[in-house]
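Visitor: If you're matching them up, the sequences are chains E and A in order.
Sequence positions in the first sequence follow our numbering and run 1195 to 1311.
Sequence positions in the second sequence follow our numbering and run 16 to 129.
Quick one: the structure is below, questions incoming.
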Amino acid sequence: NAGVTQTPKFQVLKTGQSMTLQCAQDMNHEYMSWYRQDPGMGLRLIHYSVGAGITDQGEVPNGYNVSRSTTEDFPLRLLSAAPSQTSVYFCASSYVGESFPTYNEQFFGPGTRLTVL
Amino acid sequence: AQSVTQPDIHITVSEGASLELRCNYSYGATPYLFWYVQSPGQGLQLLLKYFSGDTLVQGIKGFEAEFKRSQSSFNLRKPSVHWSDAAEYFCAVGHMDSNYQLIWGAGTKLIIKP
């Protein structure tokens, strides 16, 4: 199993450009999420999904869109990149089961380092 | 505002010495508590979690954590660290007020002296 994969690993954008960060998992996990990690701030939740066709906003959703058309994929779209979106982005997935999703171990991808100039 | 605090940004420990990483939270009721570890250039991995029951929980890689309700703390410990433990450690909290989405501490970077 590949686990959680993210592409690209690195990306440089100019202000105003758009792009999509890809995330895929092969563990048949219902729950998927996107976080951003900034120095001194830990992880902050951007968007999450509890299954195909279901998404919800996290703590910092502005400037980002998501969709979940399949169980495996959960892309994150930056609509118009801004320097404030310079960060490391992590995708994670977990099994839901009978408890709330984040109680179960979240499996993280290796991250995408994004720089917006 | 509810928060998760890891007071130490960096901690330096000699190989073979004991380790304690601190985590405090400000939620009123007992939340769900987690410790994750991030090795350099990697994603995060779950070390252990606490939901209820015995307040001393065992995790992977020889780590343990103790929940202390009176101190709103969930400190991570290891009796003897190895050079491979050098990493960043994150405490996270899930609570009904956040719809159980995890709120993360800022992390503590562990440096191992040979």
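Yeah, the Cβ is synthetic: ideal placement off N, Cα and C, and Gly gets one too.
The structure displayed is predicted, hence computed values, not measured ones.
Along the chain, which unbroken stretches of the beta strand (DSSP E) at least 3 residues long are found entirely within the segment 1228 to 1272 of chain E?
Guide: 1236 to 1245, 1248 to 1251, 1258 to 1260, 1270 to 1272
Visitor: Rank N1259/E, Y1289/E, V1310/E by C-alpha distance to the C-alpha of Y1229/E and give the top, closest one.
Guide: N1259/E
Visitor: Taking contact to mean 3 or more Cβ pairs, one atom from each stretch, closer than 8 Å, check whether the segment 1228 to 1248 of chain E and the segment 113 to 124 of chain A are in contact.
Guide: yes
Visitor: Looking only at C-alpha atoms, which of L59/A, Q73/A, F66/A sits nearest to P94/A?
Guide: Q73/A
Visitor: Check the Cβ of Q116/A against every Cβ in chain E and list those closer than 7 Å, keeping chain order.
Guide: What Q116/A touches in chain E: L1239, Y1242, G1252, T1296.
Visitor: List the endpoints of the continuous beta strand (DSSP E) containing V1206/E.
Guide: 1204 to 1207
Visitor: Decide yes or no for the touch test of the segment 1202 to 1218 of chain E against the segment 1264 to 1281 of chain E: beta carbon pairs closer than 8 Å, at least 3 of them.
Guide: yes
Visitor: When DSSP labels each residue in this structure, what does Y42/A get in the three-state scheme?
Guide: coil
Visitor: Using only the alpha-carbon positions, how far apart do F89/A and D1267/E sit?
Guide: 34 Å
Visitor: I'd like to confirm the pairing. Which residues does DSSP put opposite Y104/A in its beta bridges?
Guide: The secondary-structure analysis by DSSP pairs Y104/A across a beta bridge with V52/A, T123/A.
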